[in-house]
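Quick notes on the structure that follows.
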Amino acid sequence: MSPPTPALSTPAPAPRTAAARIAPALRHPVTVGVLAVVLAGAVGLGLVEGAGTAPAVAWDALVEGMFGSPYAVGSSLNSAAVLALIATGFTVAHRAGLVNVGGEGQLCAGGLAAAAVGTALPSGVPAALGVPLVLVAGAVAGGAWAGIAGLLRAKRGTSEVITTLLLNFVGVGLVSVAVHEEALLRQPVTSSETLPQSAPLPEGARLPLIGGIESPATAIVVIAAVAALVTGLVLRHTAIGLRLRSVGHSPAASARLGLPVTRLETGGLAVAGAAAGLAGASLVAIAPYMLAEHFSSGYGFSGLVVGLLARGSLTAVAAVSLLFGFLTNGGINLQLAAGVPASSVQIVQSLLVLFVAAAMFGTTRNGRAS
1 MSPPTPALST PAPAPRTAAA RIAPALRHPV TVGVLAVVLA GAVGLGLVEG
51 AGTAPAVAWD ALVEGMFGSP YAVGSSLNSA AVLALIATGF TVAHRAGLVN
101 VGGEGQLCAG GLAAAAVGTA LPSGVPAALG VPLVLVAGAV AGGAWAGIAG
151 LLRAKRGTSE VITTLLLNFV GVGLVSVAVH EEALLRQPVT SSETLPQSAP
201 LPEGARLPLI GGIESPATAI VVIAAVAALV TGLVLRHTAI GLRLRSVGHS
251 PAASARLGLP VTRLETGGLA VAGAAAGLAG ASLVAIAPYM LAEHFSSGYG
301 FSGLVVGLLA RGSLTAVAAV SLLFGFLTNG GINLQLAAGV PASSVQIVQS
351 LLVLFVAAAM FGTTRNGRAS
């Protein structure tokens, strides 16, 4: 009888080095965001020093512009709500595997439609009717504007990145034409000082305030919060969200499973446009309650940046929108109170995006290499 074969022992795993233990923590999104903020803030400090302003003075001006008064907080919340709407729509399209870079044009289309509907309403229209009409008009126009790119992708296979980008210029141009021509939306010229802008919306078509007389925060803040919450629930817990995710991962496999790929892609892009159009309508329905040239102030492109930074998370959309909204208003006061160019804040925001993007690229590359 042969002796029993000794059991093979599994070699003990090699102890993890300190670098191996730290690497996952450094790649965590929160860590990446914090490091990006620190680096961008350091550059911003250098810009302040270059402008000849003491850092303490600049910091006080920035904080004052963001949180120093109910007006500052309310204005920042309005800006954050507009960005959140655009980024929420971007997230829906991104879930379907599409990249909507046409937020600016869709926002302009929404603002144009909102101004046309709002100025056509009678002066005594009740707010319960006027406000929904203006907002729905903006959402429908934005969705239809994005639908052009969706149809071109579905029928001709044209990249939505190219079409939505080019439609931005068309949307901005249409707004410019509309506010310069009296036959369209320009208010009657009564003097040489009359600016090219539409007539103001009637009282019943203006978004109501939610923060009292001292704060300009309007109902768009609530609307944006509800839109982000509902969108998150739909994408995460419904069949529509699952189908959009399937199409985003593999349109070909989704088609073999019987999913209406074309309808889902076109619908996702239309929803993104509707959200941006709603944001444009809200800009017309808050003070000064009219459509003017350059009324969008680049919100469409800033909302795209928010959507890219959020990386598909609606919670991150809310957080980044608040950050950018407060920074934008703080930058205005930074220029007025401390003499630092407001563009310094835009530079810091741009660097923040670049640092996060670089960290994401490095993380992906390292992950594939391993």
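Each residue of the sequence shown is one higher than the last, beginning at 1 in full-length UniProt numbering.
Even for Gly, the Cβ is constructed at its ideal location relative to N, Cα and C.
When rounded, the separation of the alpha-carbon atoms in L259 and S250 is 11 angstroms. For R206, no alpha helix (DSSP H) encloses it, and the DSSP letter there is neither H nor E. In this structure, the CA atom of G74 is about 23 angstroms from the CA atom of V57. Put simply, the backbone Cα of L291 is about 47 angstroms away from that of R256. When DSSP states are grouped into helix, strand and coil, S313 belongs to the coil group. The shortest C-alpha to C-alpha distance from V170 to any of V43, A149, L185 and A183 is the one to A149. By the criterion of a C-beta distance shorter than 6 angstroms, T262 is surrounded in its chain by A154, once the five residues flanking it on both sides are discounted. DSSP, read as helix, strand or coil, puts T218 in strand. DSSP places A120 within a helical segment (H, G or I) once states are collapsed to three. Listed in chain order, the non-local C-beta contacts of E293 below 7 angstroms within the same chain comprise V175, S176, V179 and P196, local neighbours out to five positions each way being set aside. Between the alpha carbons of L309 and G212 lies a distance of about 33 angstroms. Inclusion of A225 and A275 in the CB contact set at 8 angstroms is not warranted, their separation being larger than that value. Take the alpha-carbon of V37 and the one of F67: they are about 19 angstroms apart. Assigned with DSSP and collapsed to three states, Q197 falls in strand.
Across the set A54, G157 and V306, the C-alpha of V306 shows the shortest separation from the C-alpha of V317.
Between the stretch 102-120 and the stretch 283-290 there are three or more C-beta pairs closer than 8 angstroms, enough to call the two in contact. When C-beta atoms of the stretch 98-105 are compared with those of the stretch 157-169, three or more pairs fall below 8 angstroms, so the two segments count as touching. Between A109 and G280, the beta carbon gap of about 7 angstroms places them in contact (Cβ cut-off 8 angstroms).
For the pair L129 and S123, the Cα-to-Cα distance works out to about 12 angstroms.
Taking C-beta atoms as the reference points, V247 and G97 count as a pair closer than 8 angstroms. With contacts defined as CB atoms closer than 8 angstroms, V125 and P202 qualify as a contacting pair. Distances from the alpha-carbon of R243 to those of A80, V92, A42 and L77 put V92 closest. When C-alpha distances from D60 are compared across S198, V48 and S321, the shortest belongs to V48. Excluding sequence positions up to five before and after L352, its CB lies within less than 6 angstroms of the CB of A36 and A40, all in the same chain and listed in chain order. Within the DSSP bridge table, the entry for A292 names Q197 as partners. Scanning its chain for C-beta atoms nearer than 7 angstroms, with the 5 sequence neighbours on each side dropped, one finds around L314 the residues T88, T91, A228, T231 and G232, in chain order.
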